[in-house]
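Quick notes on the structure that follows.
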Amino acid sequence: MGRSLEGYILGIIPYISFEKCIEECLSRRRCLSLNYKQQFPICELNYETKSENSGKTFTVSKGTAYTEMTKWKKVCHF
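Numbering (the working numbering), first residue to last: 101 to 178.
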């Protein structure tokens, strides 16, 4: 089961790979996390993180990957 953060969408980008979704989020200052819906594929850029909102809107979402940008900034050296 995947997870997603609901209610904090900064932007939606359809038909994009997971890697490009990460790049898009990293290129936007306000983007702190993302939901990637693999089935469609749809990239949802979030202006909030799970940890910042106490997980109140962090839900089970089949086929969705959630990640925070703090993880990727270290890997990608942005």
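Just so it is clear, CB atoms sit at the ideal spot from N, CA and C, and this is done for glycine as well.
What you are looking at is a predicted structure, and each value in this text was computed from that prediction instead of being measured.
In the three-state scheme derived from DSSP, where H, G and I count as helix and E and B as strand, L132 is classed as coil. The C-beta distance from Y108 to E148 rounds to 4 Å, short enough to meet the 8 Å contact threshold.
Residues of the same chain with a CB within less than 6 Å of the CB of T164, apart from the 5 flanking positions on each side, are G102, S104, N135, K137 in chain order. Contact annotation: L145 and E123 have beta-carbon atoms that are not nearer than 8 Å.
DSSP, reduced to helix, strand and coil, places S104 within a strand of the structure shown.
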